[in-house]
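A.B. asks:
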Amino acid sequence: MNPAVHLDGITKRFPGVVANDDVDLAIERGSVHALLGENGAGKTTLMNVLYGLYRPTEGRVVVDGEPRSFASPRDAIDAGIGMIHQHFMLVDPMTVWENVVLGNEPRTWGGLRVDEAAAREAVVELSDRYGFDVDPDARIEDVSVGVQQRVEILKALYRGAEVLIMDEPTAVLTPQEVEELYDVFEELTEQGKTIIFISHKLGEALSAADEITVLRDGVNVGTVAAGDVTREELAEMMVGREVLMEPATTPREPGNRVLEVTDLRVEDDRGVEAVSGISFELREGEVLGIAGVDGNGQLQLAEAITGMREPSAGSVEYLGESMAGVTRREHIDRGMAFVPEDRHERGLVMSYDLVQNGILGSQHDPPFAAGGRIDWEASAEHAESVIDAYDVRPPNADADAASFSGGNQQKFIVGREFERDPDLVVATHPTRGVDIGSTEFLHDRLLELRAEGKAILLVSSKLDEVQGLSDRLAVIHECEFTGVVDPATVTEEEIGLLMAGETLDDASVSGAAIHDAVDDGLAGSGESDGDADADATREPAADEEVDA
Amino acid sequence: MSRRDGGRLPTPVRRLIEPFVDRTVAERVLISVAAIALSIAVGFAIVLVSGRIAECSAAAWTMPVTGLGFCYDPFEVYAVLFNGALGYPLAVGEPGVFNPSWTPFNLSFGLTLSETTLLIFTGLSVAVAFRAGLFNIGTQGQLVVGALATALTVLALAPLLPAGPVSGVALVVVGTLAGAVGGGLWGAIPGALKAYADANEVITTIMLNFVAANVAYVLVLEVFRAEGSSVVATRYVPEYAQFTPWLFPGSSDFALLALAVGTAFIGALYYLVEHTPFGYDLRTSGVQAAAAEYGGVDAKLTTVRAMTLSGALGGVGGAVWVLMSEGRWIASVPDLGFDGITVSILAGNNPLGVLPAAFLFGILKGGALEIGFRTNVPTELVGVLRGLIILFVAMPEFFRMAGRYAGLGSSGPGGPETTEDDSDGSGDDDGTTDGAVATAEGGETDA
Numbered sequence: 001m002n003p004a005v006h007l008d009g010i011t012k013r014f015p016g017v018v019a020n021d022d023v024d025l026a027i028e029r030g031s032v033h034a035l036l037g038e039n040g041a042g043k044t045t046l047m048n049v050l051y052g053l054y055r056p057t058e059g060r061v062v063v064d065g066e067p068r069s070f071a072s073p074r075d076a077i078d079a080g081i082g083m084i085h086q087h088f089m090l091v092d093p094m095t096v097w098e099n100v101v102l103g104n105e106p107r108t109w110g111g112l113r114v115d116e117a118a119a120r121e122a123v124v125e126l127s128d129r130y131g132f133d134v135d136p137d138a139r140i141e142d143v144s145v146g147v148q149q150r151v152e153i154l155k156a157l158y159r160g161a162e163v164l165i166m167d168e169p170t171a172v173l174t175p176q177e178v179e180e181l182y183d184v185f186e187e188l189t190e191q192g193k194t195i196i197f198i199s200h201k202l203g204e205a206l207s208a209a210d211e212i213t214v215l216r217d218g219v220n221v222g223t224v225a226a227g228d229v230t231r232e233e234l235a236e237m238m239v240g241r242e243v244l245m246e247p248a249t250t251p252r253e254p255g256n257r258v259l260e261v262t263d264l265r266v267e268d269d270r271g272v273e274a275v276s277g278i279s280f281e282l283r284e285g286e287v288l289g290i291a292g293v294d295g296n297g298q299l300q301l302a303e304a305i306t307g308m309r310e311p312s313a314g315s316v317e318y319l320g321e322s323m324a325g326v327t328r329r330e331h332i333d334r335g336m337a338f339v340p341e342d343r344h345e346r347g348l349v350m351s352y353d354l355v356q357n358g359i360l361g362s363q364h365d366p367p368f369a370a371g372g373r374i375d376w377e378a379s380a381e382h383a384e385s386v387i388d389a390y391d392v393r394p395p396n397a398d399a400d401a402a403s404f405s406g407g408n409q410q411k412f413i414v415g416r417e418f419e420r421d422p423d424l425v426v427a428t429h430p431t432r433g434v435d436i437g438s439t440e441f442l443h444d445r446l447l448e449l450r451a452e453g454k455a456i457l458l459v460s461s462k463l464d465e466v467q468g469l470s471d472r473l474a475v476i477h478e479c480e481f482t483g484v485v486d487p488a489t490v491t492e493e494e495i496g497l498l499m500a501g502e503t504l505d506d507a508s509v510s511g512a513a514i515h516d517a518v519d520d521g522l523a524g525s526g527e528s529d530g531d532a533d534a535d536a537t538r539e540p541a542a543d544e545e546v547d548a
Numbered sequence: 001m002s003r004r005d006g007g008r009l010p011t012p013v014r015r016l017i018e019p020f021v022d023r024t025v026a027e028r029v030l031i032s033v034a035a036i037a038l039s040i041a042v043g044f045a046i047v048l049v050s051g052r053i054a055e056c057s058a059a060a061w062t063m064p065v066t067g068l069g070f071c072y073d074p075f076e077v078y079a080v081l082f083n084g085a086l087g088y089p090l091a092v093g094e095p096g097v098f099n100p101s102w103t104p105f106n107l108s109f110g111l112t113l114s115e116t117t118l119l120i121f122t123g124l125s126v127a128v129a130f131r132a133g134l135f136n137i138g139t140q141g142q143l144v145v146g147a148l149a150t151a152l153t154v155l156a157l158a159p160l161l162p163a164g165p166v167s168g169v170a171l172v173v174v175g176t177l178a179g180a181v182g183g184g185l186w187g188a189i190p191g192a193l194k195a196y197a198d199a200n201e202v203i204t205t206i207m208l209n210f211v212a213a214n215v216a217y218v219l220v221l222e223v224f225r226a227e228g229s230s231v232v233a234t235r236y237v238p239e240y241a242q243f244t245p246w247l248f249p250g251s252s253d254f255a256l257l258a259l260a261v262g263t264a265f266i267g268a269l270y271y272l273v274e275h276t277p278f279g280y281d282l283r284t285s286g287v288q289a290a291a292a293e294y295g296g297v298d299a300k301l302t303t304v305r306a307m308t309l310s311g312a313l314g315g316v317g318g319a320v321w322v323l324m325s326e327g328r329w330i331a332s333v334p335d336l337g338f339d340g341i342t343v344s345i346l347a348g349n350n351p352l353g354v355l356p357a358a359f360l361f362g363i364l365k366g367g368a369l370e371i372g373f374r375t376n377v378p379t380e381l382v383g384v385l386r387g388l389i390i391l392f393v394a395m396p397e398f399f400r401m402a403g404r405y406a407g408l409g410s411s412g413p414g415g416p417e418t419t420e421d422d423s424d425g426s427g428d429d430d431g432t433t434d435g436a437v438a439t440a441e442g443g444e445t446d447a
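If you read the protein sequences in the order shown, they are chains C and H. Mapping of the first sequence onto full-length UniProt numbering: position 270 corresponds to residue 270, and the numbering continues sequentially without gaps. Mapping of the second sequence onto full-length UniProt numbering: position 447 corresponds to residue 447, and the numbering continues sequentially without gaps.
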């Protein structure tokens with residue numbers, strides 16, 4: 001039998017760059033195939049070729065044994081290929097079924113009217129066939145991200161997709177939702193559909209895929225069966241060298257208090273409360289991790305601490321001084337580094353080169369500004385040192401930020417902020433989009449800062465990251481901390497429950513840290529009212545907890 | 001799709017705009033030259049057609065081969081437009097031959113440079129605001145207010161000082177400062193409204209143009225009108241308190257010193273924008289407000305400062321208009337502020353580009369006057385030709401700016417990465433069509 005999709009010697013060149021170099025790839029019908037690789041390995045480019053967004057420079061796409069040439073995604077869809085992008089293309093105020101049929105509505109009255117009953121019926125039927133638990137009449141804005149993803153899958157199926165391409169499908173999901181997604185994969189492949197998903201996470205490739213193809217620098221390094229390969233082997237295939245999988249934290253005595261947040265309330269841009277009474281403190285040489293699904297208030301919390309957003313109530317005390325009414329610039333001047341969540345909107349000025357981006361936030365401060373002028377030479381040296389130390393590629397300080405890949409942009413931002421000589425680092429998703437090799441380096445650097453006695457607030461949706469690096473781990477859900485736990489003893493399932501808004505009952509919690517926390521009145525009730533949190537979090541993480 | 005991705009533009013519009021977005025300076029200069037050539041070609045046809053329609057006793061030009069006669073000679077029109085604007089450095093009627101009696105210090109060239117000088121200030125005014133992401137349509141009003149402030153200040157101070165060159169210099173300096181202060185304050189109003197009341201500066205500056213024109217008119221009409229004047233105008237400021245038209249004939253209303261001041265302003269503004277922390281704040285606010293805020297830029301303060309600076313430049317333009325061109329404030333203020341918008345767009349909002357852009361405008365102005373003197377081509381047709389050149393030259397720059405504003409291209413507010421806003425593994429995530437465009441343009445640098 002022909003493979004569902006066969007990419008035959010695909011080469012895709014952009015001016016000056018070879019994104020895919022003679023890639024051969026055969027994907028069996030009814031299988032789940034993971035496309036694994038680091039940033040810039042050419043995964044998405046390859047899939048965009050398959051989906052008709054790019055035309056290959058060389059090579060051909062064979063679907064079901066038939067060579068095809070796609071001029072646009074429309075052609076690919078007609079050939080039974082569907083792609084689900086990382087960012088869903090759904091119309092928020094419309095219902096699930098409306099979104100599914102949008103653009104391909106069944107019509108009556110000679111094409112003048114959408115046959116709503118038939119459309120809804122078709123969506124319900126499709127949803128039932130694959131066992132999707134989706135309410136067809138719910139509005140997109142009211143359903144969870146996991147459900148939205150299933151709507152995207154339904155959309156592709158409705159258009160007759162036999163092969164589903166998913167770009168980083170787990171990036172936005174909670175661990176539980178990831179499990180549900182794997183179930184969906186199973187259901188789909190049982191009914192003969194083929195799934196290709198792009199990932200740079202080893203774990204999910206191993207647990208969800210039947211076969212894994214690793215791309216490195218645009219070249220197919222090899223295709224392996226998921227059952228015959230270890231994490232370490234895969235990591236080596238991706239990076240091209242051996243990788244240390246676990247960052248090594250060493251226990252450390254936390255020092256003086258750097259940050260104290262008390263009953264903080266913050267509103268988002270729409271005036272809706274995004275942080276509802278969060279309290280904690282952070283000491284020198286301590287990493288407080290904040291885990292949670294994106295959009296549960298961690299962004300606004302970080303903004304309020306770093307002076308980007310005025311809290312509506314509560315206080316932030318930094319180095320013993322209240323930060324109420326203090327300008328953003330003063331926050332920077334007092335030694336607060338901030339790796340923002342949105343690197344394209346905030347962290348970098350996309351039309352500036354890296355020299356100019358390197359002084360963002362320090363443009364008024366020596367050594368970059370003196371006597372009312374900017375010293376571009378000193379700025380260039382600074383940018384080059386960051387590029388050098390943080391392995392930003394290509395090492396060209398004069399290139400516009402926009403021309404760098406996301407991972408390299410991120411490395412530059414993290415480098416700029418880490419090298420500010422800060423007292424407090426607020427890092428939101430510092431390794432988002434960064435490949436394993438560089439992630440390892442950023443983690444090491446973060447731990448070095450910790451060893452130097454910096455206080456670090458680490459917000460991340462990557463569980464292994466927050467768990468591995470933090471001295472204490474707070475889980476945020478719907479604007480509140482649902483728990484503060486010891487990352488050394490808590491299980492992924494427990495964090496997942498907290499992230500989903502559940503609370504841990506005493507029985508499921510073990511370890512000295514939690515007992516301490518219980519004594520302080522936090523986890524015992526599981527209620528995350530501000531005062532209880534404050535007490536619990538004010539307890540500095542003691543060494544033995546980290547040891548445990 | 002994420003927020004700003006150019007996706008909100010209809011596809012044909014995007015196809016039209018995209019090629020102009022990511023261009024280097026050299027390419028943009030080339031595009032401008034090509035645009036002038038193209039506009040001349042189109043204008044050529046228009047002159048011919050109108051020359052065929054119009055009635056005249058003798059044909060000004062006969063087409064070879066066909067023998068068709070035309071009332072207007074397109075070659076002559078364009079020759080006079082460019083040659084005449086410079087005062088005929090090439091002999092009339094003998095193309096390619098240098099005119100031996102030509103000196104640069106002639107009336108026509110003076111008129112050209114006079115217009116150039118005035119537009120330098122208004123062009124800079126618009127450009128500075130634009131760099132801060134503010135669309136100052138109010139340069140005209142700021143110029144009107146600045147000009148009145150200059151005229152009144154000089155008229156008030158002149159009697160207190162002994163007549164002579166020393167007080168002349170003092171009066172010109174103080175008068176120019178007064179213009180800057182007047183225009184600056186007038187510009188600060190929409191700046192403050194934008195910063196603290198979230199009022200769109202396009203709307204407020206347009207409205208303040210009317211307010212400025214009418215308040216100034218009424219003030220001069222009722223209070224400061226020169227006795228016995230048939231027009232609404234102030235008295236003339238003393239001759240010694242005006243820019244002296246060295247070398248150039250006095251009737252050209254041009255002073256080299258004013259042009260030198262304008263050129264110095266260009267250099268100063270360039271330095272301010274590119275090499276100072278304030279300029280960095282200003283530019284960053286303009287291209288990416290969220291990043292500026294992250295970098296500690298006080299958005300409100302920067303808005304007010306940029307508008308004040310922009311207004312002050314417009315005010316200086318008004319001061320030069322009074323002290324160089326008119327010698328008094330007169331109600332018929334030319335549209336220098338509005339032309340400044342086009343000059344700025346032509347200059348790509350770069351202070352250094354303002355000089356050639358203003359010079360092109362000056363040439364078109366001086367050349368149009370010459371065509372009126374020398375040929376029977378109606379002034380309306382000359383206006384059309386002038387408009388064509390400006391339209392053709394400005395359009396690519398305008399597309400470029402519009403495209404960036406809409407987030408097309410690699411370095412607009414919504415660059416390629418913004419389209420995907422990847423939460424993981426972004427290196428090769430230029431997935432959507434927008435990303436495809438940007439990638440094809442710039443290349444994924446490390447893919």
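For each residue, glycine too, the CB sits at the ideal point set by N, CA and C. Computed from a predicted model, the values in this text were never measured in an experiment.
1) How would you list, in chain order, the residues of chain H whose beta-carbon sits under 8 angstroms from the beta-carbon of Thr57(C)?
2) Going by alpha carbons, who is nearest to His85(C) out of Val151(C), Val23(C), Glu58(C) and Asn256(C)?
3) What residue from Lys12(C), Asp92(C) and Val434(C) has the CA that sits closest to Arg60(C)'s CA?
4) What does a CB cutoff of less than 8 angstroms around Val23(C) pick up in its chain, not counting 5 residues either side in sequence?
5) Go through its chain and collect everything with a Cβ distance to Met94(C)'s Cβ below 8 angstroms, but skip five positions before and after it.
6) Distance check for Gly433(C) and Ser199(C), CA to CA, integer angstroms please.
7) Only counting the same chain, and skipping five residues up and downstream in sequence, which positions put a Cβ closer than 6 angstroms to that of Pro3(C)?
8) Can you find the residues in the same chain that come closer than 6 angstroms, C-beta to C-beta, to Asn48(C), ignoring five residues on each side of it along the sequence?
9) Under DSSP, the beta strand (DSSP E) around Ile84(C) begins and ends at which residues?
10) May I ask you to report which of helix, strand or coil DSSP gives Tyr236(H)?
11) Is Ala291(H) close to chain C, meaning its C-beta is less than 8 angstroms from at least one C-beta of that chain?
12) By the DSSP assignment, the alpha helix (DSSP H) with residue 571(C) in it spans what residues?
13) Could you please tell me which residues of the stretch 322-340 of chain C, in chain order, have their CB closer than 9 angstroms to any CB of chain H?
14) Could you tell me which chain C residues have their CB closer than 9 angstroms to the CB of Asp298(H), listed as they occur along the chain?
15) Only counting the same chain, and skipping five residues up and downstream in sequence, which positions put a Cβ closer than 7 angstroms to that of Thr153(H)?
16) Label Pro487(C) either buried or exposed according to how many other C-beta atoms from any shown protein chain fall within 10 Å of its C-beta, with 16 as the threshold for buried.
17) Taking the alpha-carbon positions, what's the Ile196(C) to Gln409(C) distance?
18) Drop a sphere of 10 angstroms on the beta-carbon of Ser322(C), count the other beta-carbons inside from all chains shown, and report buried for 16 or more, exposed for fewer.
19) Just confirm the distance between the C-beta atoms of Val96(C) and Asp137(C), as a whole number of angstroms; I'd bet it's less than 8 angstroms.
20) Which residues share a DSSP beta bridge with Arg60(C)?
21) When you compare the CB positions of Gly87(H) and Ser114(H), do they come within less than 8 angstroms of one another, or not?
22) I want to verify the contact list: residues of chain H whose CB lies under 8 angstroms from the CB of His33(C), in sequence order.
23) Inspect the beta-carbon positions of Glu281(C) and Glu310(C) and report whether they are closer than 8 angstroms.
24) Please list, in chain order, the residues of the stretch 360-384 of chain C that have any C-beta partner in chain H closer than 7 angstroms.
25) Got a sec: which bits of the stretch 411-432 of chain C sit with their beta carbon under 9 angstroms from any beta carbon on chain H, in order along the chain?
26) Using the three-state DSSP reduction, which class does Glu177(C) fall into: helix, strand or coil?
27) Quick check on Glu303(C): does DSSP put it in helix, strand or coil?
28) Are the C-beta of Pro277(H) and some C-beta of chain C separated by less than 8 angstroms?
29) Looking at the C-beta of Arg15(H), does it have a partner C-beta in chain C at a distance below 8 angstroms?
30) Rank Asp421(C), Gly295(C) and Ala427(C) by C-alpha distance to the C-alpha of Gly347(C) and give the top, closest one.
C.D. replies: Result, derived from the coordinates:
1) Looking up residue 57(C) in the first sequence gives position 57. Within 8 angstroms Cβ-Cβ: nothing; Thr57(C) doesn't reach chain H, min ~12 angstroms.
2) By 1-based counting over the first sequence, the position of residue 85(C) is 85. Minimum Cα distance to His85(C) is reached at Val151(C).
3) Position 60 of the first sequence, counting from 1, holds the residue named residue 60(C). Looking at Lys12(C), Asp92(C) and Val434(C), the one whose alpha-carbon comes closest to that of Arg60(C) is Lys12(C).
4) As a working mapping, residue 23(C) is identified with position 23 in the first sequence. Closer than 8 angstroms at Cβ, skipping near neighbours: Leu7, Gly9, Ile10, Thr11, Gly42, Leu46, Gly59, Leu215, Gly218, Val219 and Asn220.
5) One-based indexing of the first sequence puts residue 94(C) at position 94. Here the set comprises Leu102, Arg139 and Ile140.
6) Your numbering for residue 199(C) matches position 199 in the first sequence. Your numbering for residue 433(C) matches position 433 in the first sequence. CA-CA distance, Ser199(C) to Gly433(C), rounds to 11 angstroms.
7) Reading the first sequence from its first residue, position 3 is the one you call residue 3(C). Result list for Pro3(C): Ala26, Ile27 and Glu28, in chain order.
8) Mapped onto the first sequence, residue 48(C) falls at position 48. So the qualifying residues of the chain are Tyr54.
9) Translated into positions along the first sequence, residue 84(C) becomes position 84. Ile81 to Ile84 is the extent of the beta strand (DSSP E) around Ile84(C).
10) Indexing the second sequence from 1 puts residue 236(H) at position 236. Coil.
11) Numbered from its first residue, the second sequence carries residue 291(H) at position 291. Output row for Ala291(H): interface = yes.
12) Examination of residue 571(C) is not possible in this model, given that chain C is present from 1 through 548 alone.
13) The stretch 322-340 of chain C vs chain H, Cβ under 9 angstroms: Thr327, Arg328, Arg329, Glu330, His331, Ile332, Asp333, Phe338 and Pro340.
14) Within the second sequence, residue 298(H) is the residue found at index 298, counting from 1. Neighbours of Asp298(H) on chain C, chain order: Thr327, Arg328 and Arg329.
15) If you number the second sequence from 1, residue 153(H) lands on position 153. Closer than 7 angstroms at Cβ, skipping near neighbours: Val174, Gly175 and Ala178.
16) Counting from one through the first sequence, the residue named residue 487(C) turns up at place 487. For Pro487(C), the number of other beta carbons within 10 angstroms of its own is at least 16, and it is reported as buried.
17) Indexing the first sequence from 1 puts residue 196(C) at position 196. Indexing the first sequence from 1 puts residue 409(C) at position 409. Spanning the alpha carbons of Ile196(C) and Gln409(C) requires a straight line of approximately 27 angstroms.
18) Walking along the first sequence from the start, residue 322(C) turns up at place 322. Ser322(C) comes out exposed.
19) Position 96 of the first sequence holds residue 96(C). Position 137 of the first sequence holds residue 137(C). Their Cβ separation, rounded to whole angstroms, is 7 angstroms, which keeps Val96(C) and Asp137(C) in contact under 8 angstroms.
20) Position 60 of the first sequence, counted from the start, is the residue given in the question as residue 60(C). According to DSSP, Arg60(C) bridges with Asp8(C).
21) The count along the second sequence starts at 1 and reaches residue 87(H) at position 87. The count along the second sequence starts at 1 and reaches residue 114(H) at position 114. Contact: no.
22) Sequence index remark: in the first sequence, residue 33(C) carries index 33 (1-based). Those do not exist, as His33(C) stays about 16 angstroms from chain H at its closest Cβ, beyond 8 angstroms.
23) To locate residue 281(C), count along the first sequence from 1; it is residue 281. To locate residue 310(C), count along the first sequence from 1; it is residue 310. Contact: no.
24) Result list: Leu360, Gly361, Gln363, His364, Ala369, Gly372, Arg373 and Ile374.
25) Per Cβ criterion, the list reads His429 and Arg432.
26) Locating residue 177(C) in the first sequence gives position 177, counting from the first residue. When secondary structure is reduced to three states using DSSP, Glu177(C) falls in the helix class.
27) Walking along the first sequence from the start, residue 303(C) turns up at place 303. Note: Glu303(C) maps to helix in three-state DSSP.
28) Indexing the second sequence from 1 puts residue 277(H) at position 277. Yes, contact with chain C.
29) Sequence index remark: in the second sequence, residue 15(H) carries index 15 (1-based). Not an interface residue.
30) Taking the first sequence and counting its residues from 1, one reaches residue 347(C) at position 347. Distance check between Gly347(C) and each of Asp421(C), Gly295(C) and Ala427(C) places Ala427(C) closest, using alpha-carbon atoms only.
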